[in-house]
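Participant: Those protein sequences? They're chains D and B, same order as listed.
Under my numbering, think of the first position of the first sequence as 40, with each following residue one higher.
Under my numbering, think of the first position of the second sequence as 388, with each following residue one higher.
By construction, the Cβ of each residue, glycine as well, lies at the ideal position given by its N, Cα and C atoms.
This structure is a prediction, so every number in the text was calculated from the model and none was measured.
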Amino acid sequence: MDELKFRRQAYGEPNNQDPEFLQAAMESAEREAFLNDLKGLDNKIENALKIDVPDDLAAKLLLRQQLQHHHSQRRRTGFAFAMVASVAFLAGITFTLLRMGPVDLGQHALAHVYHEDKALHVDQNVQYQDVNFQLASLNSSSNMKFTQQPGKVFYSTYCDFQGVQSLHLVMQGESGKVTLFIVPLEDRMVLDEAFADNKYKGMGFETDNAYMLLVGEGAEDLNYVKNEIKQTFI
Amino acid sequence: MFDSWRNKKSSSTVSSDMVSKQRRYDSLVRALHTDIYRYAYWLCGDKHVAEDITQETFLRAWRSLDSLKDEKAAKAWLITILRRENARRFERKQFNYSDVEQEFIEDTFSGSTEDHAEQHLLQRQISKLELEYREPLLLQVIGGFSGEEIAKILDLNRNTVMTRLFRARNQLKDVLEQPTIRGQSNG
Chain D
40 MDELKFRRQA YGEPNNQDPE FLQAAMESAE REAFLNDLKG LDNKIENALK IDVPDDLAAK
100 LLLRQQLQHH HSQRRRTGFA FAMVASVAFL AGITFTLLRM GPVDLGQHAL AHVYHEDKAL
160 HVDQNVQYQD VNFQLASLNS SSNMKFTQQP GKVFYSTYCD FQGVQSLHLV MQGESGKVTL
220 FIVPLEDRMV LDEAFADNKY KGMGFETDNA YMLLVGEGAE DLNYVKNEIK QTFI
Chain B
388 MFDSWRNKKS SSTVSSDMVS KQRRYDSLVR ALHTDIYRYA YWLCGDKHVA EDITQETFLR
448 AWRSLDSLKD EKAAKAWLIT ILRRENARRF ERKQFNYSDV EQEFIEDTFS GSTEDHAEQH
508 LLQRQISKLE LEYREPLLLQ VIGGFSGEEI AKILDLNRNT VMTRLFRARN QLKDVLEQPT
568 IRGQSNG
């Protein structure tokens with residue numbers, strides 16, 4: 040290794056452990072002294088670079104990271120919460136809108152009769168005043184009522200027609216029982232004049248204040264009750 | 388959303404991942420914050436700015452800790468982040484700290500007055516070195532990197548690095564060998 044190369048390497052990296060370089064340093068006492076001189080300089084440089092580090096720097100770095108981490112977690116849960124909230128909101132809107140859709144009263148009435156089968160097997164002998172009381176509390180602005188007892192009423196309760204509070208009565212027809220639904224008028228209802236399935240027959244008509252839906256086993260019963268109602272219901 | 392849902396399903400592994408990530412970070416901070424802070428200081432010449440840069444560097448390191456595969460490479464990795472962070476500082480403010488005359492170096496050393504004076508002089512000279520000479524020297528002495536590694540970090544070839552190291556030491560050596568002459572000529 041020539042002198043120039045040796046000196047360049049010594050300046051560049053005095054603590055070089057490359058065997059060739061170490062060998063070259065041993066070649067003369069001058070070189071050794073030269074290298075030791077540079078190593079001495081390097082020690083001084085090293086010490087000069089060792090400025091004081093703030094005592095609490097490590098603690099600060101850890102604290103800052105913990106805070107950051109905490110924040111990002113908060114943000115993440117906040118985001119999840121927002122997502123859940125908007126999904127719930129959307130579900131609510133959808134549900135409300137679905138309930139706003141047109142309602143086929145006839146099919147609904149039949150379904151209701153099947154669903155509340157027990158209504159046809161009880162006899163509470165309800166007075167028309169009680170029925171009027173229930174009618175009055177229906178969610179309707181008009182005053183619906185019976186002027187007198189419309190034949191025997193076996194059963195009377197509130198029921199729900201797609202969100203519209205209605206009245207569910209079971210009355211005595213000519214021979215069998217007839218179920219009567221009184222549904223306050225509402226735009227989205229679709230009324231069938233007659234409907235039926237293989238067990239029940241139904242008919243619907245409109246009074247000034249409400250839809251009347253009759254469901255029974257025979258057409259005579261329906262007509263009988265319809266007449267009763269026309270005479271007694273205003 | 389599905390991601391977070393999936394994360395919840397494997398929340399136990401996630402939280403244990405978090406714990407081990409936290410441990411890695413803790414040891415990284417404890418082992419390397421001194422070197423990183425000193426490097427930052429000699430890069431920018433200001434205690435407070437150095438602390439800021441160190442903070443930013445470690446914060447960024449935390450965020451992308453997963454990308455650090457080899458712990459042995461941690462120091463070089465942090466220094467790369469630090470250099471980027473330092474460069475970003477210049478993009479933000481058009482104010483070059485290195486251009487400010489480094490008159491002010493903290494007296495933080497004890498020892499004999501002669502040693503002290505010499506060290507003080509050396510510190511002043513190091514801070515006056517051109518950045519292109521200073522930085523390889525910092526990497527070699529503080530970082531303990533080889534010429535090859537320095538070349539990689541600074542994106543230079545090895546010969547350039549060795550030349551710069553040669554010039555850096557040469558300049559410092561000159562100053563130390565003739566401090567009185569310099570003082571006289573100044574006075």
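#1: Between which residues of its own chain and D/N262 is the CB-CB distance below 6 Å, once the five residues before and five after are set aside?
#2: What residues are listed by DSSP as bridge partners for D/Y250?
#3: Check the Cβ of D/Q166 against every Cβ in chain B and list those closer than 7 Å, keeping chain order.
#4: If you measure beta-carbon to beta-carbon, which residues of the segment 67-89 of chain D are closer than 9 Å to chain B?
#5: Of all the CB atoms in chain D, is at least one closer than 9 Å to the CB of B/I513?
#6: If you follow the alpha helix (DSSP H) that D/Y197 is in, where does it begin and where does it stop?
#7: With 9 Å as the threshold, decide whether the Cβ of D/G51 is near any Cβ in chain B.
#8: For a test of the three-state rule: what should DSSP assign to D/L77, helix, strand or coil?
#9: Are B/W449 and D/Q107 close, meaning C-beta to C-beta below 9 Å?
#10: List, in chain order, every chain B residue whose beta-carbon is nearer than 8 Å to that of D/P58.
#11: D/T133 to D/R227, Cα distance in whole Å?
#12: Can a CB atom of chain C be found closer than 9 Å to the CB of B/Q442?
#13: If I measure Cβ to Cβ from D/V170 and keep anything under 8 Å in the same chain, skipping five residues before and after, which residues do I get?
#14: Since B/I513 contacts D/A87 with CB under 8 Å, what's their CB separation in whole angstroms?
#15: Which value, in whole angstroms, describes the spacing of the CA atoms of B/E478 and D/D81?
#16: Taking the beta strand (DSSP E) that D/Q188 falls in, what are its first and last residues?
#17: Distance check for D/H109 and D/K89, CA to CA, integer angstroms please.
#18: Take the Cβ of B/E472 as the centre, count every other Cβ of all protein chains shown within 10 Å, and call the residue buried at 16 or more, exposed below.
#19: Would you verify that the beta carbon of B/L430 is, or is not, closer than 9 Å to some beta carbon of chain D?
#20: Decide if B/V406 is buried, meaning its Cβ has at least 16 other Cβ atoms within 10 Å, or exposed.
#21: Less than 9 Å between the beta carbons of D/Q105 and B/V416, yes or no?
#22: Determine the DSSP secondary structure at D/L208, reduced to helix, strand or coil.
#23: Three-state secondary structure (DSSP) at D/D143?
Facilitator: From the atom records:
#1: Counting from 1 along the first sequence, the entry for residue 262 of chain D is found at position 223. If we look at D/N262 and ignore the five residues flanking it on each side, it has no Cβ neighbours.
#2: As a first step, residue 250 of chain D must be located in the first sequence, where it is residue number 211. BP columns for D/Y250 point to D/V222, D/E245.
#3: Locating residue 166 of chain D in the first sequence gives position 127, counting from the first residue. In chain order: nothing, as chain B lies at least about 58 Å away.
#4: D76, L77, L80, D81, K83, I84, E85, N86, A87, L88, K89
#5: Walking along the second sequence from the start, residue 513 of chain B turns up at place 126. Yes, B/I513 lies at the interface with chain D (some Cβ there is under 9 Å from its Cβ).
#6: To locate residue 197 of chain D, count along the first sequence from 1; it is residue 158. Here D/Y197 belongs to no alpha helix (DSSP H); instead the beta strand (DSSP E) covers 192-200.
#7: In the first sequence, counting from the first residue as 1, residue 51 of chain D sits at position 12. True, the Cβ-Cβ gap to chain B drops below 9 Å.
#8: As a working note, residue 77 of chain D is residue 38 in the first sequence. The answer is helix: DSSP assigns D/L77 an H, G or I state.
#9: The residue you call residue 449 of chain B lines up with position 62 of the second sequence. The residue you call residue 107 of chain D lines up with position 68 of the first sequence. Yes, they are a contact pair.
#10: As a working mapping, residue 58 of chain D is identified with position 19 in the first sequence. Residues of chain B passing the Cβ test: none, with the nearest at roughly 15 Å.
#11: Position 94 of the first sequence, counted from the first residue, corresponds to residue 133 of chain D. Position 188 of the first sequence, counted from the first residue, corresponds to residue 227 of chain D. Cα to Cα, the separation comes out at about 17 Å.
#12: Absent from the structure is chain C; the protein chains it does hold are D and B.
#13: Position 131 of the first sequence, counting from 1, holds the residue named residue 170 of chain D. Only F185, V192, S195, L206, L208 meet the Cβ criterion.
#14: Locating residue 513 of chain B in the second sequence gives position 126, counting from the first residue. Locating residue 87 of chain D in the first sequence gives position 48, counting from the first residue. The pair is a contact, with the Cβ atoms about 6 Å apart (cut-off 8 Å).
#15: Along the second sequence, read from residue 1 onward, the residue named residue 478 of chain B stands at position 91. Along the first sequence, read from residue 1 onward, the residue named residue 81 of chain D stands at position 42. Each residue's alpha carbon lies about 34 Å from the other.
#16: Within the first sequence, the letter at position 149 stands for residue 188 of chain D. Note, D/Q188: premise wrong, no beta strand (DSSP E); not H, not E.
#17: Counting from one through the first sequence, the residue named residue 89 of chain D turns up at place 50. Counting from one through the first sequence, the residue named residue 109 of chain D turns up at place 70. Distance between the alpha carbons of D/K89 and D/H109 is about 34 Å.
#18: Within the second sequence, residue 472 of chain B is the residue found at index 85, counting from 1. The residue is buried, with at least 16 neighbouring Cβ atoms inside 10 Å.
#19: The count along the second sequence starts at 1 and reaches residue 430 of chain B at position 43. No, its Cβ sits nowhere closer than 9 Å to a Cβ of chain D.
#20: Taking the first residue of the second sequence as position 1, residue 406 of chain B is located at position 19. Result: exposed.
#21: Position 66 of the first sequence, counted from the first residue, corresponds to residue 105 of chain D. Position 29 of the second sequence, counted from the first residue, corresponds to residue 416 of chain B. Their beta carbons are not under 9 Å apart, which means D/Q105 does not touch B/V416 by this criterion.
#22: Start at 1 with the first residue of the first sequence, and residue 208 of chain D comes out as number 169. D/L208 falls in the strand class under three-state DSSP.
#23: Walking along the first sequence from the start, residue 143 of chain D turns up at place 104. If DSSP states are grouped into helix, strand and coil, D/D143 belongs with the strands.
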